[in-house]
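To start, the structure itself, in structure tokens.
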Amino acid sequence: MDYYQAKQYIKSLSGRGIVPGLSNIEALLRALSNPERKLNIIHVAGTNGKGSFGAYLSSVITASDKHCGRFVSPCVGEYKNTFLLDGESVSQDIIASCCKTLKAGMDKLEEKNIFPTSFEAETALAFLIFAEISPDYVIIECGMGGKSDATNVIEKPLLSVITKISLDHTAFLGSSLVEIATQKAGIIKPGVPVVSVIQDDDAISVIESVCKSNASPLHIADTPKLLCTDDSMTEFEFQNEKYITHMLGAYQPENAALAITAAKLLKIPLDAIKKGIETARWSYRFERVGKFILDGAHNPDGATALAKSLKIYTNHEDTAFICACFKDKDYNKIAEITAPYAKTVFCITAPTERGLDKKILCNAFKAHGVQAQCEDTLEDAIKKAYAFKNTVIFGTLSVLADAKQTIERLQKNATL
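Using this note's numbering, the final residue of the sequence shown is 514, and nothing's skipped along the way.
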């Protein structure tokens, strides 16, 4: 099996859908000799900020001369970016070799009428890869939720981390913040320290209750103090120390503070923490590409964070949006939150089965007082938006990699 075949194999399992619960993944890992038990894992759940937190903590660990693996799903861009080592993609040969081992285990289960889903297989693949390359630490992100998430087979992580919790995936996780927080807090294990940010009252009460019942120490990262910001960096103060981050966005100091809190519990030296925060990079989180800003905001909480950044970095009179959303997201609320920060919105349909019709999205923005129009393709929208000083592309991660490639291609060909 080569790398291309490995990608195709995982993709071929997507028709199995989403099946919450751990029985299939537990059976699969037993068939693979439980590679997850060989790893020092930081387990991360939450609605928004998981990727940025992981980027910061991985960078900090690398700055301390240790090696850090990361499992990121869904990734944006090339599939190999799902599995990272020290911020770089794991080699394609290792992915292919481990996927061959995975398939052998899957075949044995299917003979017993056990059919793990794509995400369950991908999670097992991550454990196989990192057991093979053996980094000092591995950051594992939940796919969705926590309690019933395939990654929750981790029996004894070093830390359980819960980023900001908000309403998302309500069809699977529940319609209230209490229900969703209960799912996220399901990653908390007896005696394992928990790190979180300041949450809404409903969410933090659940986290505190679960920590208490598990005798798990809870560490809350206080809100950092913003000192100064420009188009290339943000300086902030946290626990009487000054830090610099080049990951833009009003929400990034909070993500960095969470990583700093986790790093201190891992006993990483302060100089490595500061270096790691400053050198951390994570694509598609308020990432500038010339006149364009690419942001992963795809739910109301993410839209609120994006709006705070737009207030700092842009002028709505000279800002355009390019937006695509999924049908199962609260696109009306996303439009309501972000509409005041744009002069015009170019709406497209996300290129997946879950993609919301661009006409519906266009009407949602118009209903909140901003000019909006439909475009047939992402490239058409990018060309028309170029007249503005800033164009923000957001609404779903599914279009961001294509957007970046299209912008770079058009600039190279001098058609922008």
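Positions of the beta carbon are idealized from the N, C-alpha and C atoms, including for glycine. Only a predicted model underlies this, so the values are computations on that prediction, with no experimental measurement involved.
Item                                                                                                                                                                           : Value
If you reduce the DSSP assignment to three classes, tell me which class R114 lands in.                                                                                         : helix
Please report the straight-line C-alpha distance between K481 and Q471, rounded to a whole angstrom.                                                                           : 14 Å
So, helix, strand or coil for V490, using DSSP?                                                                                                                                : strand
If you reduce the DSSP assignment to three classes, tell me which class S274 lands in.                                                                                         : coil
So L408 and F492 are in contact, right, with Cβ under 8 Å, and what is the actual spacing, rounded?                                                                            : No, L408 and F492 are not in contact; Cβ-Cβ is about 10 Å, not under 8 Å.
By the three-class DSSP mapping on this structure, what secondary structure does L256 have?                                                                                    : coil
Between C173, K109, G241 and A194, which has its C-alpha nearest V117's C-alpha?                                                                                               : G241
Using DSSP bridges, identify the partner residues of C326.                                                                                                                     : E333
From V387, L120 and A229, pick the residue whose C-alpha is nearest to that of L514; which is it?                                                                              : V387
May I have a chain-ordered list of the alpha helix (DSSP H) segments no shorter than 4 residues that lie completely inside the segment 382–428?                                : 398–411
Have a look at T510 and T412 and give me their C-alpha separation to the nearest angstrom.                                                                                     : Sequence inspection shows Lys at residue 510; the Thr mentioned does not correspond to that position. Rounded to the nearest angstrom, the two C-alpha atoms are 25 Å apart.
Looking at the strands, I want to know which residues DSSP matches up with L316.                                                                                               : V292
Distance check for L476 and A361, CA to CA, integer angstroms please.                                                                                                          : 40 Å
Apart from the five residues just before and just after E134, which ones in its own chain have a Cβ nearer than 7 Å to its Cβ?                                                 : L127, F225, V251 and I252
Could you compute how far the alpha carbon of I517 sits from the alpha carbon of R379?                                                                                         : Beyond the ends of the chain as shown, which are 99 and 514, falls residue 517; an answer cannot be given.
Assess contact between the segment 366–384 and the segment 313–320, defined as three or more Cβ pairs (one per stretch) separated by less than 8 Å. Is contact present?        : no
For the segment 446–461 against the segment 484–502, are there 3 or more C-beta pairs whose distance is under 8 Å?                                                             : yes
Taking all protein chains shown into account, decide if L356 is buried (16 or more other Cβ within 10 angstroms of its Cβ) or exposed.                                         : buried
Can the beta-carbon of S171 be found less than 8 Å from the beta-carbon of K178?                                                                                               : no
Return the Cβ separation of L200 and L182 in integer angstroms, given the expectation that the two are a contact with Cβ distance under 8 Å.                                   : That belief does not hold up - the Cβ atoms of L200 and L182 are roughly 18 Å apart, past 8 Å.
My guess is that V158 and I375 are in contact by the Cβ rule of under 8 Å, so how many angstroms apart are they, rounded?                                                      : 7 Å
Could you give the first and the last residue of the continuous beta strand (DSSP E) run that contains Q469?                                                                   : Q469 to C472
Under 8 Å between the Cβ atoms of P291 and S314?                                                                                                                               : yes
By Cβ distance, which residues of its chain are closer than 8 Å to L508, with the 5 residues on each side in sequence left out?                                                : E477, I480, K481 and L514
Using the C-alpha atoms, what's the distance from K210 back to F384?                                                                                                           : 46 Å
Among K427, V468 and R168, whose alpha-carbon lies nearest the alpha-carbon of S232?                                                                                           : R168
Which residues bound the alpha helix (DSSP H) around L127?                                                                                                                     : S121 to A129
Going by C-alpha distance, which of V304, V295 and N338 is nearest Q350?                                                                                                       : V295
Label N397 either buried or exposed according to how many other C-beta atoms from any shown protein chain fall within 10 Å of its C-beta, with 16 as the threshold for buried. : buried
Beta strand (DSSP E) containing E339: first to last residue?                                                                                                                   : E339 to T343
Hey, out of D191, I432, V490 and C423, whose CA is closest to D416's CA?                                                                                                       : V490
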